[in-house]
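Inspection log for the structure reproduced underneath, given as structure tokens.
Residue numbers (the numbering used here): 105 to 611.
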């Protein structure tokens, strides 16, 4: 809008000067331009300089925020990867695998595990599904019934026939039975499966197409003894829902027993293990509460014990300290450049100076809240030193000595802390959050500079409008002068002509 106004005013001014001519012989257009520029030169210069400064400040804030955030994110990713944490060793990974739980201390880990049985889930499959007329269906989308039906799903524990193909008894668990309503329009096989899955009860239904085109309903529960299930047709006007029953033998009400449902292909059983000579059971094959600090993933039954040990990442920790120091120095260089007391665009920014101060004090900051008495708890204590220019260096000898004498303490400095309470990565994460804070951090600085930039734009627009107004006024004034001079020149020419005539007449 400002550019359009200025351009329009300039164009109108030039047109006016052209139409009036240059009776005075003076380049009025250049003169007006020079006068206007001289009038606002100081103000324009101030605004231009301020604009350049604000641009550098906004860019500097963005650079610092991204630099610190990238530093924090990179270190946290390294810590989360587990490569800096003591890891469990397994003697037979075909039986089970083990991983460290974040934050766990595994030094001295020594355990023995026997997997006697894996946890399994109950699985049931229907026979080829038939519609109300008894015909085998070959499409999962064809309704099976003309009336609404109802199924009841119950979770609990079961005993099974020797071959595992059917239940012999079932004991409901503490949770109430789940009613699954099947409307007539939704009585297709896919509709029934969707209705069961919508209950999110821990039993998953799926439609399976046989090689002959027949359709089957497959039901699978969660692993564990308490995750067995029954499915009963409680409302079945057309008699089609009974084919999906998963039940043990039940009283038929006529003095007999309805046979157990066949087609079970899996039993709901707990995993059975022996840990350090103690027999235990768990409902799943992922176990995190048997060996302290270790998550076990069971894969197969073992005939002999699987031993668990631990290996410490000494080389990884050494490399991590070196990488941290190198990256720190790069970050420090960026912050120092931005806060340079003479040339730094953020030299007067309180948030940037606070960031520099926090970074410089990082080597002396305690990193572990519950560190043992006498154990190293700061970067400086493990050999990270500060040079005269503020950069960091590593004493390899000191670091090696601390890794040998206090490996747990060094490892704890690089351990993951979800609540940002301990560890180097947590300290950096907190620093990154503070940097972005919109109340007192660089986030607040960015907002302040952006607001000032908006005001600067308004001030520049105001000066542009004032310049255009002054240019128009001066142009009119000089146009009037040009007109007067032109009139004077015309009168002078007439008088000169008359004088010449008069002079010639006398001769």
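Just so you know, even glycine gets a beta-carbon here, dropped at the ideal spot from N, CA and C.
With 16 or more other CB atoms across the displayed protein chains lying within 10 angstroms of its CB, residue 190 is buried. Excluding its 5 nearest sequence neighbours in each direction, residue 507 has C-beta neighbours in its own chain below 6 Å: 418 and 514, listed in chain order. DSSP, reduced to helix, strand and coil, places residue 167 within a helical segment of the structure shown.
Distance from the CA of residue 242 to the CA of residue 365, rounded to the nearest whole angstrom, comes to 23 Å. One Cα belongs to residue 192, the other to residue 398, and the distance between them is close to 7 Å.
Taking 9 Å as the cut-off, the Cβ atoms of residue 495 and residue 433 count as close. Under the three-state reduction of DSSP output, residue 380 falls in the coil class, being neither helix nor strand. Ranked by how close their Cα comes to the Cα of residue 321, the residues 329, 315, 335 and 348 have 348 in first place. Runs of the beta strand (DSSP E) spanning 3 or more residues and lying entirely within the segment 168-223 occur at 191-194, 200-204 and 215-221, in chain order. Burial state of residue 468 is exposed, judged by a 10 Å Cβ sphere holding fewer than 16 other Cβ atoms.
Residue pairing for residue 370: DSSP places it in a beta bridge opposite 227. Residue pairing by DSSP places residue 320 opposite 312 in a beta bridge.
The segment 420-475 contains, as complete alpha helix (DSSP H) runs of 4+ residues, the segments 454-464 (chain order).
Around residue 317, the same chain offers 242 as residues with beta carbons nearer than 7 Å, after the five sequence neighbours per side are excluded.
Take residue 538, set aside five residues on each side of it, and the residues of its chain with a beta-carbon closer than 6 Å to its own are 545, in chain order.
Sixteen is the threshold: when 16 or more other Cβ atoms of the shown chains lie within 10 Å of the Cβ of residue 533, as they do, the residue is buried. By the C-beta density criterion, residue 214 is exposed, having fewer than 16 other C-beta atoms within 10 angstroms. Rounded to the nearest whole angstrom, the CA to CA distance from residue 217 to residue 271 is 31 Å. Apart from the 5 residues on each side of it in sequence, residue 232 sits with its Cβ closer than 6 Å to the Cβ of 240 and 318 in its chain, given in chain order. Looking at the DSSP output, residue 496 bridges to 490. Assignment of beta-bridge partners to residue 395 by DSSP yields no partner. Excluding five sequence positions before and after residue 542, the CB atoms of its chain that fall closer than 7 Å to its own CB belong to 548 and 551, given in chain order.
Note on residue 249: 16 or more other CB atoms within 10 angstroms of its CB, so buried under the neighbour-count rule. Under the three-state reduction of DSSP, residue 553 is assigned to helix. Taking all protein chains in view, the Cβ of residue 480 is crowded by 16 or more other Cβ atoms within 10 Å, so the residue is classified as buried.
Per the C-alpha coordinates, the member of 367, 186, 291 and 502 positioned closest to residue 267 is 367. Apart from sequence neighbours up to five positions away, the residues of its chain that approach residue 540 with a beta-carbon distance below 8 Å are 169, 173, 546 and 547, ordered along the chain.
In chain order, 270, 271, 272, 368 and 371 place their CB closer than 8 Å to the CB of residue 264, counting only its own chain and leaving out the 5 sequence neighbours on each side.
Exposure of residue 142 is indicated by the presence of fewer than 16 other C-beta atoms within 10 angstroms of its C-beta. Within the same chain, 374 and 376 come within 6 Å of residue 385 by CB-CB distance, once the 5 residues on both sides are set aside. Apart from the 5 residues on each side of it in sequence, residue 312 sits with its Cβ closer than 8 Å to the Cβ of 229, 319, 320, 321 and 322 in its chain, given in chain order. Assignment of residue 268 by DSSP, reduced to helix, strand and coil, places it in the coil class. The shortest C-alpha to C-alpha distance from residue 562 to any of 148, 405 and 341 is the one to 148.
In this structure, 436 is the residue among 448, 436, 167 and 500 with its C-alpha nearest to the C-alpha of residue 465.
Counting along the chain, no beta strand (DSSP E) covers residue 537; the unbroken alpha helix (DSSP H) around it starts and ends at 528-540. A distance below 6 Å between beta-carbons, with the five flanking residues on each side excluded, links residue 440 to no residue of its chain.
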